[in-house]
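Here's the structure we're looking at; comments come further down.
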């Protein structure tokens with residue numbers, strides 16, 4: 011029981027930390043019947059209608075190249091092969107990149123023990139949150155079989171290609187970690 | 026991860042979620058003079074995909090199919106039948122917005138108590154439309170905090186089921202006798 015308790019506390023601590031830190035939160039949805047071992051090859055496919063996208067990202071060739079490169083590398087490491095031009099792939103991949111204004115509560119303020127309303131530091135911090143959504147579609151049925159995403163603050167990143175590149179590599183790797191194992 | 030530990034982890038997450046979020050508000054309204062029990066059959070609107078305001082949910086069939094199966098189940102329990110020539114068309118709309126709950130800032134005095142709360146608010150609207158006249162007969166919705174819910178598929182599915190069940194509770198139920206009478210008449 012003490013072990014379990016410690017485990018639970020670790021989770022609590024992690025959950026609390028991740029809520030405040032600027033590291034990306036990741037998530038994924040999967041077709042419960044998905045068996046990835048049926049698929050060997052992939053290609054880039056057309057995006058859906060309804061794009062919620064941000065031109066600062068999607069029309070930025072450096073961004074596109076970096077995301078595509080990171081995804082291709084990550085999928086190759088998982089044993090999927092990028093199809094040669096003209097062939098048909100088992101999986102079609104596409105992604106959406108979106109930026110939205112979000113508000114964060116700055117919990118660091120609790121450190122100030124006493125302050126009257128007037129001299130309290132601002133509690134609410136506005137930031138730009140970037141969301142990268144990666145879709146994996148079964149090419150045969152044209153159905154989405156897996157979707158993974160990451161959301162992180164992109165403040166300042168748009169003008170710093172180095173930071174952007176590093177963040178993309180890290181977040182794409184973290185998203186792809188959530189792909190179910192090949193059985 | 027060991028299954029029992031996983032369960033524990035899930036429990037902890039759930040406990041966090043329950044204490045952390047505001048309660049879900051559920052409402053509905055019905056068109057004046059309409060008895061929904063006179064409508065027996067339904068089907069889904071074709072191509073109902075609309076932007077949700079959250080890229081994680083746009084064109085997300087895992088979300089869409091869960092909502093539809095939850096509504097199918099609730100309507101089925103109330104004696105409605107899914108047919109190709111329905112009386113009712115069912116539509117739904119989901120939206121996500123970040124909201125600031127400033128209630129706590131109104132407390133005067135100590136700043137420990139005046140911290141505003143910020144959370145992702147999810148809204149799920151379910152519409153029943155007259156298939157022949159295209160008029161809205163019934164609308165039910167649920168609105169509440171969904172912080173962290175979308176990122177966790179299992180949790181999202183559970184919240185969808187709960188929200189749909191609560192929304193549809195306001196729907197008049199066809200009695201077993203009424204449903205049986207239809208069957209024998211058909």
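Chains as they are written, first to last, in this note's numbering: chain A, 11 to 193; chain B, 26 to 211.
Glycine residues also receive a C-beta, built at the ideal position from the N, C-alpha and C atoms.
As the structure is a computational prediction, the values presented were derived from the model and not from experiment.
Burial of residue 182 of chain B is indicated by the presence of at least 16 other C-beta atoms within 10 angstroms of its C-beta. Taken in chain order, the complete alpha helix (DSSP H) segments of 4 residues or longer contained in the region 33–85 of chain A are 65–68. In this structure residue 66 of chain B is in contact with residue 112 of chain B, their Cβ atoms being roughly 5 Å apart against a cut-off of 8 Å.
When DSSP states are grouped into helix, strand and coil, residue 168 of chain A belongs to the helix group. In this structure, DSSP gives residue 198 of chain B a state outside helix and strand, which the three-state scheme calls coil.
Within chain B, the residues 84, 85, 86, 87 have their CB atoms less than 8 Å from the CB of residue 154 of chain A, given in chain order. Under the Cβ criterion of 7 Å, residue 184 of chain B is not counted among the residues facing chain A. Distances from the CA of residue 186 of chain B to each of B/83, B/94, B/74, B/55 were compared; the closest alpha carbon is that of B/94. Contact between residue 145 of chain B and residue 172 of chain B holds: their C-beta atoms lie close to 5 Å from each other, under 8 Å. Under the DSSP assignment, residue 107 of chain A falls in the beta strand (DSSP E) whose first and last residues are 101–115. Between residue 68 of chain A and residue 34 of chain A, the gap from beta carbon to beta carbon reaches 7 Å or more.
Spatial neighbours of residue 84 of chain A in its own chain (CB-CB distance under 7 Å, excluding positions within 5 residues in sequence) are listed in chain order as 182, 183, 186.
For the 7 Å CB-CB criterion, residue 105 of chain A and residue 46 of chain A do not form a contact.
With respect to the C-alpha of residue 162 of chain A, the residue from A/140, A/116, A/50 having the closest C-alpha is A/140. The C-beta distance from residue 61 of chain B to residue 163 of chain B rounds to 6 Å, short enough to fall under 8 Å. Counting only Cβ-Cβ distances below 8 Å, residue 179 of chain B has no contacts in chain A at all, with the closest Cβ about 10 Å away.
Residue range 86–102 is occupied by the alpha helix (DSSP H) that includes residue 96 of chain B. Take the alpha-carbon of residue 188 of chain B and the one of residue 114 of chain B: they are about 20 Å apart. Boundaries of the beta strand (DSSP E) harbouring residue 155 of chain B: 142–155, taken from the DSSP string. For residue 176 of chain A, the three-state secondary structure derived from DSSP is helix. Any Cβ of chain B closer than 7 Å to the Cβ of residue 70 of chain A would place that residue at the interface, and such an atom is absent. Under the three-state reduction of DSSP, residue 176 of chain B is assigned to coil, being neither helix nor strand.
CA-CA distance, residue 85 of chain B to residue 43 of chain A, rounds to 16 Å.
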